[in-house]
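Enquirer: I have a structure I would like to understand better, so I am pasting it below and will then ask my questions one at a time.
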Ligand SMILES: CC(C)(COP(=O)(O)OP(=O)(O)OC[C@H]1O[C@@H](n2cnc3c(N)ncnc32)[C@H](O)[C@@H]1OP(=O)(O)O)[C@@H](O)C(=O)NCCC(=O)NCCS
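In this note's numbering, the protein residues as written are 201 to 719.
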């Protein structure tokens with residue numbers, strides 16, 4: 201931990217109250233000074249207690265009269281004190297052992313400050329248990345918000361320990377096995393599986409929505425010709441342009457039905473934009489989607505210009521269904537934060553694509569494929585994998601933060617890959633079996649299994665999707681999940697506006713003498 205001492209972190213000067221103050225007077229002192237606790241000093245200036253806003257609330261809760269009862273009756277008497285020059289570690293020990301939240305800080309027999317557990321928590325990189333309970337006091341959530349539920353949703357959920365995830369209660373792998381992209385799309389966005397009539401209408405609507413808004417077709421070639429082109433960066437720009445052309449209004453100002461309708465329109469357009477950009481970038485003419493083809497088949501047809509092999513189209517469809525949504529992931533959260541400001545769905549989707557572009561989220565199914573390339577032939581697998589693990593490297597396509605058992609997506613994608621067949625699939629299965637055996641031997645007890653990336657790369661590659669289009673393909677299906685989340689947020693909105701624990705220099709800081717705009 202740091203070399204800092206308590207003096208560096210404490211709140212000073214200390215807020216103090218007399219033991220004879222009434223509870224409401226003491227509450228006002230805390231409130232006026234915006235602190236959660238005060239030291240209680242006797243007439244001679246000695247510390248006789250500590251009183252926190254939490255103590256005050258609790259005392260009123262158990263029947264004390266705030267107008268007549270005094271601090272003396274509710275304070276923590278003879279509190280533990282720390283010295284200003286003691287280390288932060290020693291303060292942390294006191295907090296841990298005694299479960300105090302505020303400590304008076306002494307120097308030469310006088311109280312010179314108050315140390316709050318929150319001052320220390322940030323420095324120690326530990327997770328705070330609960331806030332001081334003071335009105336307006338911020339709770340420090342664990343880094344990365346792990347394990348913190350920040351919203352209610354009925355879109356879906358992931359149960360990592362069980363190796364299970366679902367969309368609106370239905371097992372997502374079962375949906376991928378039995379349903380079409382459009383059926384699951386309808387489920388996520390409209391909330392229910394479509395009837396036959398619903399599905400027909402929904403298909404017609406989504407096919408009609410593949411038409412680009414006026415002005416967009418002309419804007420795509422320059423985007424595809426920009427220096428430093430990446431498919432996902434170009435898609436992000438194109439989605440933003442398209443939403444502007446459609447005129448997606450603030451979600452705050454339009455009925456939820458309209459938010460969902462704009463979501464369906466944009467989700468139908470995302471693959472069209474992506475494939476046009478891709479073909480422009482390749483110097484090829486764009487291919488319009490065939491209205492007779494469903495989402496997945498049209499996706500491949502726009503890529504190559506030809507009607508795809510049904511087995512390949514179905515394999516891609518199953519991959520797309522499996523990746524539509526996956527709990528409250530970072531890009532979904534991003535889309536909800538943007539929507540919570542009342543902003544339009546185009547902004548929320550653009551932001552979500554930006555979040556997905558991060559290597560920690562969008563992943564890189566192409567990396568698993570690169571590992572297969574690096575191995576080369578089945579006889580080299582064992583040596584290669586042992587060498588990699590031995591050197592501390594991670595095997596791409598194995599291990600997962602949430603799933604500590606088989607990743608249900610990889611289980612199904614393995615079947616999908618097997619169904620497609622081919623040399624690469626056989627090779628991948630050999631590498632997978634070898635990797636699991638070697639991981640079990642060299643990393644026992646770590647619960648490492650094949651993750652979604654391993655077979656996703658194999659399936660997309662076998663379907664003819666270029667490697668640099670793997671993550672953008674994922675963006676297409678995830679757009680469905682985002683639009684469902686955006687509509688849900690807009691339907692029951694509250695501005696998402698958390699706070700941060702300030703850990704910079706003590707404020708207010710005086711500006712240096714004479715400092716200002718240079719003459
Ligand atoms: C996905 C991932 C980041 C999750 O990691 P995590 O839950 O944070 O796991 P940890 O980093 O705590 O690792 C736990 C142990 O398993 C090992 N481990 C985890 N994934 C591993 C992998 N793919 N290959 C080899 N060892 C691995 C770690 O080295 C560590 O070993 P140690 O106890 O000897 O230090 C990790 O498994 C990984 O990097 N996988 C490879 C990349 C990948 O496939 N990403 C796509 C994910 S969808």
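We put the CB at the ideal spot given by N, CA and C, even for glycine. All values reported here derive from a predicted model rather than from experimental measurement.
Report the CB separation of residue 480 from residue 420 in whole angstroms; it is logged as a contact under 8 Å.
Expert: Sure, about 6 Å apart at Cβ, within 8 Å.
Enquirer: Shorter than 7 Å, the distance from the beta carbon of residue 598 to the closest heavy atom of ligand 1, or not?
Expert: Residue 598 Cβ: within cutoff of ligand 1.
Enquirer: Thinking C-alpha only, which one of 644, 578, 232, 312 is nearest residue 721?
Expert: With the chain represented from 201 up to 719, any question about residue 721 goes unanswered, as that position is not in the structure.
Enquirer: Measuring CB atoms only, is the region 455-472 touching the region 686-693, in the sense that at least three cross pairs come out at less than 8 Å?
Expert: With the cut-off at 8 Å, the region 455-472 and the region 686-693 touch.
Enquirer: So what does DSSP say about residue 234, is it helix, strand or coil?
Expert: Note: residue 234 maps to coil in three-state DSSP.
Enquirer: Please check the pair residue 439 and residue 466, which I expect to be a contact at CB under 8 Å, by giving their CB distance rounded to whole angstroms.
Expert: Between residue 466 and residue 439 the Cβ distance is about 7 Å, and since that is below 8 Å, they are a contact.
Enquirer: May I ask you to report which of helix, strand or coil DSSP gives residue 276?
Expert: If DSSP states are grouped into helix, strand and coil, residue 276 belongs with the strands.
Enquirer: Let me know the secondary structure DSSP gives residue 218 once reduced to three states.
Expert: Residue 218: coil per DSSP, three-state reduction.
Enquirer: In three-state DSSP terms, what is residue 325?
Expert: Any reading at residue 325 must be qualified, since the residue scores a pLDDT of 46, below 50, and its modelled position is unreliable; no value is offered.
Enquirer: Using only the heavy atoms of ligand 1, determine whether one of them is closer than 7 Å to the beta carbon of residue 345.
Expert: Answer for residue 345: no, Cβ out of range of ligand 1.
Enquirer: Three-state secondary structure (DSSP) at residue 202?
Expert: Bear in mind that the predicted position of residue 202 carries a pLDDT of just 48, short of 50, making it unreliable; the figure below should be weighed with that in mind. Reduced to three states, the DSSP call for residue 202 is coil.
Enquirer: Please confirm whether residue 284 and residue 249 have their CB atoms less than 8 Å apart.
Expert: The answer is no: Cβ separation not under 8 Å.
Enquirer: Answer with yes or no whether the minimum CB distance from residue 315 to chain C is below 8 Å.
Expert: Note that chain C does not occur in the displayed structure, where there is just one protein chain.
Enquirer: Which residues in the same chain have their Cβ closer than 6 Å to the Cβ of residue 680, if we skip the five residues on either side of it in sequence?
Expert: Excluding sequence neighbours, residue 680 sits near 385, 388, 467, 524.
Enquirer: Please name the residue or residues paired with residue 365 in a DSSP beta bridge.
Expert: According to DSSP, residue 365 bridges with 358.
Enquirer: Suppose only complete runs of 4+ residues qualify. What are the alpha helix (DSSP H) ranges in the region 518-575, listed by chain order?
Expert: Segments of the alpha helix (DSSP H) lying fully in the region 518-575: 530-540, 545-556, 565-575.
Enquirer: Is it buried or exposed for residue 512, if we count other Cβ within 10 angstroms and need 16 for buried?
Expert: Residue 512 should be labelled buried.
Enquirer: Under a three-way DSSP split, which group does residue 375 fall into?
Expert: Helix.
Enquirer: Measuring straight from C-alpha to C-alpha, what distance separates residue 343 and residue 502?
Expert: The straight-line gap from Cα to Cα measures roughly 42 Å.
Enquirer: Pick from 676, 301, 259, 272: whose alpha carbon is nearest that of residue 521?
Expert: Comparing Cα positions, the closest option is 676.
Enquirer: Ignore the nearest five residues each way along the sequence and tell me which others in residue 647's own chain have a CB closer than 8 Å to its CB.
Expert: Result list for residue 647: 604, 605, in chain order.
Enquirer: Please classify residue 484: does DSSP put it in a helix, a strand, or coil?
Expert: Coil at residue 484, not helix or strand.
Enquirer: Provide the residue span of the beta strand (DSSP E) that contains residue 423, from first to last.
Expert: From DSSP, residue 423 is part of no beta strand (DSSP E) but of the alpha helix (DSSP H) over 416-424.
Enquirer: Nearest CA to the CA of residue 666: which residue from 651, 500, 632?
Expert: Closest by alpha carbon: 500.
Enquirer: Counting only the same chain and skipping the five closest in sequence on each side, list residues whose C-beta sits under 6 Å from that of residue 255.
Expert: These residues qualify, in order along the chain: 274.
Enquirer: From residue 565 to residue 485, what distance separates their C-alpha atoms?
Expert: Spanning the two alpha carbons is a distance of roughly 28 Å.
Enquirer: When DSSP labels each residue in this structure, what does residue 259 get in the three-state scheme?
Expert: Three-state DSSP puts residue 259 in a helix.
Enquirer: Just how far apart, CA to CA, sit residue 634 and residue 601?
Expert: Roughly 22 Å separates the two Cα atoms.
Enquirer: Helix, strand or coil, according to DSSP, for residue 370 in the structure here?
Expert: Three-state DSSP puts residue 370 in a strand.
Enquirer: Would you decide whether residue 426 is buried or exposed? Buried here means 16 or more other CB atoms lie within 10 Å of its CB.
Expert: Exposed, by the Cβ-count rule.
Enquirer: Name the residue from 700, 509, 543, 316 whose alpha carbon lies nearest to the alpha carbon of residue 619.
Expert: Of 700, 509, 543, 316, the residue nearest in Cα terms is 509.
Enquirer: With three or more C-beta pairs closer than 8 Å as the rule, is the region 435-455 touching the region 652-659?
Expert: Contact between the region 652-659 and the region 435-455 is absent, because fewer than three Cβ pairs lie under 8 Å.
Enquirer: Could you round the C-beta distance between residue 241 and residue 247 to whole angstroms and report it? I think they count as a contact, below 8 Å.
Expert: Confirmed, Cβ separation roughly 6 Å.
Enquirer: For residue 387, list the residues DSSP reports as bridge partners.
Expert: Note: residue 387 sits in no beta bridge, so no partner.
Enquirer: With DSSP collapsed to three states, give me the class of residue 304.
Expert: Looking at residue 304 - three-state DSSP - the assignment turns out to be strand.
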